[in-house]
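So the structure is just underneath, and the comments pick up after that.
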Amino acid sequence: MNILKHGLCGSRLAGDSVRKIAARLKGLIASKPAPTGGLSGLLLVLCLGLSGKAAAFDLQQLSEQLAKPSVIHGGFIQEKHLRALPQPLTSKGTFVLAKDHGLLWLLKTPLQQDYRITAKGIARRDASGWQMVPNKSAGAEQNRLFIAVLQGDSSGLQRDFELQLQGEANDWKLTLTPRSVLLKQIFTRINIDGGALVQRIELLETQGDSTVLRMLDSTANQPLSDAEQHDFAE
115 MNILKHGLCG SRLAGDSVRK IAARLKGLIA SKPAPTGGLS GLLLVLCLGL SGKAAAFDLQ
175 QLSEQLAKPS VIHGGFIQEK HLRALPQPLT SKGTFVLAKD HGLLWLLKTP LQQDYRITAK
235 GIARRDASGW QMVPNKSAGA EQNRLFIAVL QGDSSGLQRD FELQLQGEAN DWKLTLTPRS
295 VLLKQIFTRI NIDGGALVQR IELLETQGDS TVLRMLDSTA NQPLSDAEQH DFAE
């Protein structure tokens, strides 16, 4: 176990608390000789007592936290880093993520284009309405993955990835390493950072390209508008 990473007895005691405990132990040892094994027993009791107070933030808690909002509105900045280009390709827009409906992905710059991603696939809006986009298997897998990430579907992610979670509820990092053959052909790793909601997604691709997606000003306190309900229903 990496003690520097996990902390004394697996907890995250602040430095002051550690020093206070050490001072108390030193005083106990100095005032009364402990029998053989006494200090070890005292440390064991200390560890057991602290472990319940500093339970690690786990995947189940993260999944429940991200699954709470019914609707999330926000903005995004997406940077696509290509090996052949010195500068990333940047796009900006807004999004609406609705539980049991899907995702509206509304590009504003450098061009304006609306997309809808649901369990049925990707649709693109044109002058006559929403039109389904032909989807290859790899593209469908990425769409399913993207929604699973934003909605905190850890059970779905665990089917295809090894998951490693670090941090706390308000500041965490989740690393996804592909299991499936299909995803190994696309990604080497996916890094996700967040707090109450997902804040940043980094996709590292096998051929050396990468995508960084930053979610901006996300809120979970507004229901779907009439227009948004219509977009999902159409």
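For the sequence shown, our numbering assigns the number 115 to the initial residue and increments by one for each residue that follows.
Heads up, the beta-carbon is just placed ideally off N, CA and C, and yes, glycines get one too.
> When the Cα atoms are used, what is the spatial distance from ASN354 to ALA170?
Replying inline: Nothing in the structure corresponds to residue 354, since the chain is present only between 115 and 348.
>> Tell me the residue span of the alpha helix (DSSP H) that contains ASP57.
In response: Nothing can be reported for residue 57, as the shown portion of the chain is limited to 115 through 348.
> Quick one: what's ALA181 bridged to in DSSP?
Replying inline: Counting from one through the sequence shown, the residue named residue 181 turns up at place 67. Answer is none; ALA181 lacks a bridge partner.
> What's the gap between the Cα of PRO200 and the Cα of ASP323?
Replying inline: By one-based count along the sequence shown, residue 200 stands at place 86. By one-based count along the sequence shown, residue 323 stands at place 209. When rounded, the distance between both Cα atoms is 12 angstroms.
> Quick one: Cα of PRO248 to Cα of PHE209, how far?
Replying inline: Counted from its first residue, the sequence shown places residue 248 at position 134. Counted from its first residue, the sequence shown places residue 209 at position 95. Cα to Cα, PRO248 sits roughly 22 angstroms from PHE209.
>> Starting from VAL295, trace the beta strand (DSSP E) in both directions and tell me its first and last residue.
In response: Along the sequence shown, read from residue 1 onward, the residue named residue 295 stands at position 181. Segment 295-298 is the alpha helix (DSSP H) holding VAL295; no beta strand (DSSP E) there.
> Just reading off the alpha helix (DSSP H) that HIS271 is part of, what are its end residues?
Replying inline: On the sequence shown, residue 271 is found 157 positions in, with the first residue counted as 1. The sequence shown places Leu at residue 271, not His. Note, LEU271: alpha helix (DSSP H), 268-274.
> Is it the case that the Cβ atoms of LEU173 and SER268 are separated by a distance below 9 angstroms?
Replying inline: In the sequence shown, counting from the first residue as 1, residue 173 sits at position 59. In the sequence shown, counting from the first residue as 1, residue 268 sits at position 154. Closer than 9 angstroms, so yes.
> If ALA283 sits next to GLN175, beta carbons under 8 angstroms apart, how far is it from one beta carbon to the other, in whole angstroms?
Replying inline: Numbered from 1 along the sequence shown, position 169 holds the residue referred to as residue 283. Numbered from 1 along the sequence shown, position 61 holds the residue referred to as residue 175. Confirmed, about 7 angstroms.
> At what residue ranges does the region 280-342 contain a whole run of the alpha helix (DSSP H), taking only runs of 4 or more?
Replying inline: Runs found: 295-298.
> Relative to the C-alpha of PRO183, which residue among ASP340, ASP214, PRO224 and PHE190 is closest?
Replying inline: As a position in the sequence shown, residue 183 is number 69, starting the count at 1. Comparing Cα positions, the closest option is ASP214.
> Below 9 angstroms between beta carbons: does that hold for LEU271 and LEU296?
Replying inline: By 1-based counting over the sequence shown, the position of residue 271 is 157. By 1-based counting over the sequence shown, the position of residue 296 is 182. No, the Cβ-Cβ distance between LEU271 and LEU296 is not below 9 angstroms.
>> Am I right that LEU330 and ALA212 are in contact with their C-beta atoms under 8 angstroms? What's the rounded C-beta distance?
In response: Counting from 1 along the sequence shown, the entry for residue 330 is found at position 216. Counting from 1 along the sequence shown, the entry for residue 212 is found at position 98. Actually they are not in contact, since the Cβ atoms of LEU330 and ALA212 sit about 18 angstroms apart, beyond 8 angstroms.
> Counting along the chain, where does the beta strand (DSSP E) carrying ALA237 start and finish?
Replying inline: Here residue 237 is taken as the residue at index 123 of the sequence shown, counted from 1. Counting along the chain, the beta strand (DSSP E) containing ALA237 begins and ends at 235-240.
> Is PHE171 helix, strand or coil when you go by DSSP?
Replying inline: Your numbering for residue 171 matches position 57 in the sequence shown. In the three-state reduction of the DSSP assignment, PHE171 falls in the coil class, being assigned neither a helical nor a strand state.
> Does DSSP classify ILE135 as helix, strand or coil?
Replying inline: Residue 135 sits at position 21 when you count from the first residue of the sequence shown. Model confidence at ILE135 stands at a pLDDT of 42, short of 50, so the residue's coordinates are unreliable; what they give is reported in the following sentence. ILE135 sits in a helix when the DSSP states are folded into three classes.
> I think THR362 touches THR320, with their Cβ atoms under 8 angstroms apart; what is that distance to the nearest whole Å?
Replying inline: As shown, the chain starts at 115 and ends at 348. That puts residue 362 outside it, with no answer to give.
> Terminal residues of the continuous beta strand (DSSP E) containing ARG230?
Replying inline: Along the sequence shown, read from residue 1 onward, the residue named residue 230 stands at position 116. Counting along the chain, the beta strand (DSSP E) containing ARG230 begins and ends at 227-232.
> When you compare only the Cα positions, how much space is there between PHE275 and ILE304?
Replying inline: Residue mapping note: residue 275 aligns to position 161 of the sequence shown, counting from 1. Residue mapping note: residue 304 aligns to position 190 of the sequence shown, counting from 1. Note on geometry: alpha-carbon atoms of PHE275 and ILE304 lie some 9 angstroms from one another.
>> For GLN280, which residues in the same chain have their Cβ closer than 7 angstroms to its Cβ, ignoring the five residues on either side in sequence?
In response: Position 166 of the sequence shown holds residue 280. The residues are TRP286 and LYS287.
>> Report the CB separation of GLN245 from LEU180 in whole angstroms; it is logged as a contact under 8 angstroms.
In response: Here the question's residue 245 lines up with position 131 in the sequence shown. Here the question's residue 180 lines up with position 66 in the sequence shown. Approximately 30 angstroms separates the beta-carbon atoms of GLN245 and LEU180; this is outside 8 angstroms, ruling out the contact.
> Straight-line CA distance for LEU220 to GLN278?
Replying inline: Here residue 220 is taken as the residue at index 106 of the sequence shown, counted from 1. Here residue 278 is taken as the residue at index 164 of the sequence shown, counted from 1. Between LEU220 and GLN278, the alpha-carbon positions lie close to 31 angstroms from each other.
> Taking DSSP as the reference, what is the three-state secondary structure of VAL263?
Replying inline: Numbered from 1 along the sequence shown, position 149 holds the residue referred to as residue 263. In the structure shown, VAL263 sits in a helix (DSSP, three-state: H, G or I).
> To which residues of the same chain is GLY189 closer than 6 angstroms at the C-beta, ignoring the five residues directly before and after it?
Replying inline: Walking along the sequence shown from the start, residue 189 turns up at place 75. Excluding residues within five positions, the ones whose Cβ falls inside 6 angstroms are THR208, LEU330 and ASP331.
> Expressed to the nearest angstrom, what Euclidean distance is found between the alpha-carbon atoms of GLY185 and ASP340?
Replying inline: Sequence index remark: in the sequence shown, residue 185 carries index 71 (1-based). Sequence index remark: in the sequence shown, residue 340 carries index 226 (1-based). Just to set this straight, residue 185 is Val in the shown sequence, not Gly. VAL185 and ASP340: Cα-Cα distance of roughly 13 angstroms.
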